[in-house]
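Q:
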Amino acid sequence: MNPIRSRAEAGFTLIEVLAALSVFTITILGIIPLLVGAVKGAAVSRSYTVGKNLALEGMERARGLTYFVDYPTQKGYSNNVEPFRKVDILDLYFPNLTSSGYDSTSKTYTTTCSTSNSTNPACPRDLPAGFSLDYRARFVEPLKATVAGVEEETFQTVAPASGYRWNPPDPYTALDVAPSQILELTVTARWSYGGEARDFGTKALIGEREFGDVTVRAVAKVDHAIEVETGYTDTAGDKSELTVTGGIAESRVETKTASTADQTVRAGELELLTVPTDPTVSATDLGNSPVKGAETFLHAPPDNLNPAADSDARGDLVHPSLGAVAGIESTSTTNLKSSVSEELPTATGSFAYPAPATPTGAERLLWATGQLGPLNGVQLRLDGNQGLTSFRIRGGVTPTLNGGTSATTTPVGSGRKVETVASAAFGRLRLLPTSFIDSPVTDALGATVNEKAVILIDDFQASTTCRSTASTSGTAVATVQWSAKLRYWRDSNGLDGLSAGGYSSPIALSSTNTTDPLGGLGTADNPLVYDGLLPVDDVYLFEDPGSVPERRGYLRTWSSSYVSSGQTRSVDASGRVTQAAINGAIRIGTAPTDPGREDSGLSVDVGKLSCASEDQR
168 MNPIRSRAEA GFTLIEVLAA LSVFTITILG IIPLLVGAVK GAAVSRSYTV
218 GKNLALEGME RARGLTYFVD YPTQKGYSNN VEPFRKVDIL DLYFPNLTSS
268 GYDSTSKTYT TTCSTSNSTN PACPRDLPAG FSLDYRARFV EPLKATVAGV
318 EEETFQTVAP ASGYRWNPPD PYTALDVAPS QILELTVTAR WSYGGEARDF
368 GTKALIGERE FGDVTVRAVA KVDHAIEVET GYTDTAGDKS ELTVTGGIAE
418 SRVETKTAST ADQTVRAGEL ELLTVPTDPT VSATDLGNSP VKGAETFLHA
468 PPDNLNPAAD SDARGDLVHP SLGAVAGIES TSTTNLKSSV SEELPTATGS
518 FAYPAPATPT GAERLLWATG QLGPLNGVQL RLDGNQGLTS FRIRGGVTPT
568 LNGGTSATTT PVGSGRKVET VASAAFGRLR LLPTSFIDSP VTDALGATVN
618 EKAVILIDDF QASTTCRSTA STSGTAVATV QWSAKLRYWR DSNGLDGLSA
668 GGYSSPIALS STNTTDPLGG LGTADNPLVY DGLLPVDDVY LFEDPGSVPE
718 RRGYLRTWSS SYVSSGQTRS VDASGRVTQA AINGAIRIGT APTDPGREDS
768 GLSVDVGKLS CASEDQR
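Per the working numbering, the sequence shown runs over residues 168 to 784.
1. For a test of the three-state rule: what should DSSP assign to residue 506, helix, strand or coil?
2. What distance in whole Å lies between the Cβ atoms of residue 291 and residue 225, which are believed to be in contact at a cut-off of 8 angstroms?
3. Straight-line CA distance for residue 754 to residue 462?
4. Since residue 749 and residue 774 are thought to touch, with beta carbons under 8 angstroms apart, how far apart are those beta carbons, to the nearest angstrom?
5. Please work out which residues of its chain come closer than 7 angstroms, Cβ to Cβ, to residue 521, disregarding the five sequence neighbours upstream and downstream, and give them in chain order.
6. So residue 434 and residue 499 are in contact, right, with Cβ under 8 angstroms, and what is the actual spacing, rounded?
7. Would you check if the distance between the CB atom of residue 634 and the CB atom of residue 780 is smaller than 8 angstroms?
8. For the putative contact between residue 626 and residue 594, defined by C-beta atoms under 8 angstroms, what is the C-beta separation to the nearest angstrom?
9. Give the DSSP bridge partners of residue 771, in chain order.
10. Report the three-state DSSP secondary structure of residue 704 (helix, strand or coil).
11. Please classify residue 371 as buried or exposed, where buried requires at least 16 neighbouring CB atoms within 10 angstroms.
12. If you draw a straight line from the alpha carbon of residue 643 to that of residue 583, how long is it in whole angstroms?
13. Identify, in the order they occur along the chain, each residue of the same chain with its Cβ nearer than 8 angstroms to the Cβ of residue 673, setting aside the five sequence neighbours on each side.
14. Using three-state DSSP, classify residue 253 as helix, strand or coil.
15. To the nearest angstrom, how far is it from the Cα of residue 278 to the Cα of residue 268?
16. Locate the beta strand (DSSP E) running through residue 734, then write down its first and last residues.
17. For residue 190, count neighbouring Cβ atoms within 10 angstroms of its own Cβ and tell me buried if that reaches 16, exposed if not.
18. Do residue 413 and residue 767 have their beta-carbon atoms positioned less than 8 angstroms apart in this structure?
19. Rounded to the nearest angstrom, what separates residue 658 and residue 616 at their Cα positions?
20. With DSSP as the reference, label residue 368 as helix, strand or coil.
21. Could you name the residues of the same chain whose beta carbon sits closer than 6 angstroms to that of residue 385, not counting the 5 residues immediately before and after it, in chain order?
22. Please return the same chain residues whose Cβ sits closer than 7 angstroms to the Cβ of residue 138, not counting the five positions on each side in sequence.
23. Starting from residue 534, follow its DSSP beta bridges and name the residues at the other end.
24. Please name the residue or residues paired with residue 464 in a DSSP beta bridge.
25. Could you check the C-alpha separation between residue 677 and residue 589 for me, to the nearest Å?
26. Taking the alpha-carbon of residue 344 as reference, which of 491, 686, 257, 783 has the nearest alpha-carbon?
27. Residues in its own chain within less than 7 angstroms of residue 309 by CB, not counting five upstream and five downstream?
28. How would you write the range of the alpha helix (DSSP H) that residue 238 sits in, first residue to last?
29. Taking 8 angstroms as the cut-off, decide whether the C-beta atoms of residue 572 and residue 770 are in contact.
30. Contact defined as beta carbons within less than 8 angstroms: I believe residue 735 pairs with residue 747. What is the distance between those atoms, to the nearest angstrom?
31. From what residue to what residue does the beta strand (DSSP E) around residue 696 run?
32. Does DSSP put residue 269 in a helix, in a strand, or in coil?
33. At what residues does the beta strand (DSSP E) containing residue 764 begin and finish?
34. Considering only their Cβ atoms, is the gap separating residue 374 from residue 355 smaller than 8 angstroms?
35. Express the C-alpha separation of residue 380 and residue 801 in angstroms, rounding to a whole number.
36. Could you say if the stretch 757-766 and the stretch 660-668 meet the contact criterion of at least three C-beta pairs nearer than 8 angstroms?
In structure tokens form, the structure reads like this:
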């Protein structure tokens, strides 16, 4: 007897099964092409990955080779015993002009690598089956051209000299020397997949940039318009050193296989470093050191024709225990440019402190102070409120403190030159202000303000110029020029026990002096600056511990450069290399501002500039 089953237990009918199979078949037929396409696409992508890696590895292999080794040197590698091996990139990928790989029309050489067992040393030994590599090489040199009003950089082909070959016969005639220091190499991987030819290529410019022949080299530097150094000792006995640098600039250009132009400008920098007792421990910044003024750094290529100038607000450098020890007012960088247009590298840049204005006498602009002794009020009587060194703002149109550098190159031909210029200038530097000096001083511009400093340096102007022209006609020059006026305070009587005096007549300091005008003053001829009630209270311009009684003084040394000292200039016989330098126009070393601490003296160096130009085109 057949049991009666419910509809849910009866299963699928034949028609239902056939319908399900039909739907499944239709779905599979739709998916299969997608699966086949995905598998095929993955395989094509994999083949491109292999081809791409093959081309890139081939390029890196070539780039890793030396650019050029002359044939006599190559022969020496095997003690002049054949066979001689190909060792540089030119030997392998541009060996001669006679092989079938050379195309005399395009001036290119093509090396084809089709199998892993190729005997050509230029070919890799691990080529996958079905893949080949082509190396296409040509010598080039850079060229800038204007196309549709847009300046573009291209590379034009340079034809090898007739007879060029990697292994010239004896006697050696330098036929293996490349016609250019740049080789353009194109590496192309080729293969077939799915019945279609496929390829992937990469291109690079190769040359020995580091060791290429220098055709142009020029450097102009302002190491500093002023640099002040002094030391401090806090209540715990820890020592530190302060360096205040005003005005730093450098223009540097060079042409080897390609041209570069770099410009650095820093208006000022204040740095306070620890002085570790353990010489193996490195010095570290102290307080909020460093404090910097405006600064700009440029590099070309790419060209920077109108870069934005930088400006920076004032800032003070604060010693954790002693308070503010140095400061800088607002500064800016200007006249900025770096470019290598037409392989004529150029770099310029300048720094500037506040614009000219009517002086009040209270400005400091760039200042540094020393550590004063506990008896300063009755010994040196220095006024630490102004900073022991500072600058006064100028009136008229004369900048307060400014300078800069430039390096320019002009084309070969009439008027050719590689020229560098470094310059620095300031209006008035005040050194060692006191509590007993307060005298009106009129500068060259007619502005009168009261000054308190023992020493004033006015109207400092300095420059170095180096111009190389590859000519012996006298157009190549190296010049050094600087000038300034120095005054010092001196007591008017010296016998009455009264502090009364005035500033000396300006001492003309200049690069054209044949002797140092400051050399006549020292301990032997020592002006009295402060006339105290008693001789023991007197303070002289120079410290003189050898006198009886011992003479207290503000300075230990001062000097200025002149024709035969502290400045150099030279022009080589061919007019191709010029050099000039001012190695510190004015140098002043003070006595310790705290007589109990030797490191409290100030070292002041004014004007260190240099230039050098080389034109080997």
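In this text, a Cβ means the ideal position worked out from N, Cα and C, and glycines have one as well.
A: Considering the structure as presented:
1. strand
2. 6 angstroms
3. 26 angstroms
4. 6 angstroms
5. 496, 497, 532, 560, 567
6. 7 angstroms
7. yes
8. 7 angstroms
9. 395, 755
10. helix
11. exposed
12. 10 angstroms
13. 625, 652, 653, 654
14. coil
15. 6 angstroms
16. 734-738
17. exposed
18. no
19. 20 angstroms
20. strand
21. 420, 574, 585, 587, 780
22. Absent from the model: residue 138. The displayed extent of the chain is 168 to 784, so no value can be given.
23. 494
24. 431
25. 17 angstroms
26. 257
27. 320, 322, 425, 510
28. 238-243
29. no
30. 7 angstroms
31. 695-697
32. strand
33. Taken as a continuous stretch (DSSP letters only), residue 764 belongs to no beta strand (DSSP E), as it is neither H nor E.
34. no
35. With the chain covering 168 to 784 only, the question about residue 801 has no answer from this structure.
36. no
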